[in-house]
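Going letter by letter, the sequence shown gives residues 842 to 1091 in the numbering used here. Here is the structure we will look at, set down as structure tokens.
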Amino acid sequence: MFQTLKRLLSGGSNPPGWDAVASWADSAGHAFKRSRDGSGFVIESGVPAQGWRLEWGPSQRGYLPGQELRLRGDLKGGQDLQMMIVSRQLMESLEKQVFEQFTEGLQTRIDTETPEEMRWLVLYPKAPQIDSKLLKEAFGTVANSTGAIEQWLVGPLSSRLLEARGQWLAADDPLLLIALRGRLTLRTRMPEPDATRLRAIVGLFETALREGRRAVELWTTSAHASTQPSLFNSGGAPADSGLGDAGRGA
């Protein structure tokens, strides 16, 4: 209520659709504010344990034309862990773009201009063990540690993704979850703010962030344990932990 009153006193009305989003943010205890240039808005979680930041405004990625919704949160570790879950049609579109750049000899452009999520499609393996056929059909996954992303997808996150696909995420809706440098980011196209859809996306992100922190903790523990003498085989080589570390400099 205080935030709503503050906006009214500061003058200027919100564009259509913003008031419903602002009301939801206020009722949930989150902080809503316009971006400085007025082209979008920012919502910061009022729950310290969640610790996410939401932005709606002009897209920062060419594969999401128009306006996009972004959510970011701290994974509390896993600086070297790189994982991505992406809606199937978006994944196929990005793979096609990367392939065309390679075949046209644009290696320099791929190295310097192509975002990580596109480079990873050619750098990293896809997660081999996803139990749900529906999940495989709706989403693609890549990571520098197949073990970590499989842990990420176990349980609540898979259920949330299937729920999204069945209720509010159409087959051609682009959605991307990417873990990079200890931070989780969600990106999706949203031409106009929609409070109902926004709440659903926040719910998905909160589950992904919570489960991502759990996967990071398990991955960090396993990676540390794999360096201990007790896990070395008789030949002196480290035992295979199933945790890759390719592309640490990406």
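We put the CB at the ideal spot given by N, CA and C, even for glycine.
Assigned exposure category for residue i - 16 Cβ within 10 Å defines buried
i	result
Trp859	buried
Pro857	exposed
Gly903	exposed
Ser876	exposed
Ser1000	exposed
Gly887	exposed
Pro997	exposed
Euclidean distance between Cα positions of residue i and residue j
i	j	result
Pro1070	Glu1058	Residue placement at Pro1070 cannot be trusted, given a pLDDT of 42 that sits under 50; what the coordinates show is reported in the next sentence. Rounded to whole angstroms, Pro1070 to Glu1058 spans 21 Å at the Cα level.
Asp1013	Gln930	6 Å
Gly892	Val995	22 Å
Phe1046	Leu1025	9 Å
Ile971	Asp867	38 Å
Gly1044	Leu1003	13 Å
Glu958	His871	29 Å
Ala968	Thr987	5 Å
Trp993	Ser880	34 Å
Gln942	Val983	20 Å
Ile1019	Pro899	19 Å
Lys974	Met925	18 Å
Thr1029	Leu905	7 Å
Lys977	Glu991	13 Å
Thr1061	Leu916	12 Å
Arg1054	Asn985	16 Å
Thr944	Pro966	21 Å
Arg1040	Gly981	23 Å
Ala869	Asp878	25 Å
Closest by C-alpha distance to residue i, when choosing among the options
i	options	result
Asn855	Lys874, Leu1003, Ser1063 and Arg913	Lys874
Phe940	Gly903, Val883, Arg960 and Trp1060	Arg960
Pro889	Ile926, Arg1051, Pro956 and Trp1060	Arg1051
Ser934	Arg894, Leu1016, Arg1054 and Pro966	Leu1016
Ser928	Glu896, Thr944, Pro956 and Leu1027	Leu1027
Glu956	Gln901, Ser886, Ile884 and Trp865	It is worth fixing the name first, because residue 956 is Pro in this sequence and not Glu. The option with the nearest alpha carbon to Pro956 is Gln901.
Ile1042	Pro997, Ala1005, Arg894 and Ile884	Ala1005
Ala1064	Gln920, Ala869, Thr944 and Ala979	Gln920
Whole-angstrom C-beta distance between residue j and residue i, which should lie under 8 Å
i	j	result
Leu1021	Gln923	6 Å
Gly918	Gly1023	6 Å
Ala1056	Ala989	5 Å
Leu962	Glu936	5 Å
Trp799	Phe882	As shown, the chain starts at 842 and ends at 1091. That puts residue 799 outside it, with no answer to give.
* Segment contact flag, the stretch 860–869 with the stretch 997–1009, C-beta cutoff 8 Å, min 3 pairs -> Judged by pairs of C-beta atoms under 8 Å, the stretch 860–869 does not touch the stretch 997–1009, as fewer than three such pairs exist.
* To do: Please determine if the stretch 1033–1045 and the stretch 910–928 are in contact, where contact requires at least 3 C-beta pairs separated by less than 8 Å.
  => Yes, they touch.
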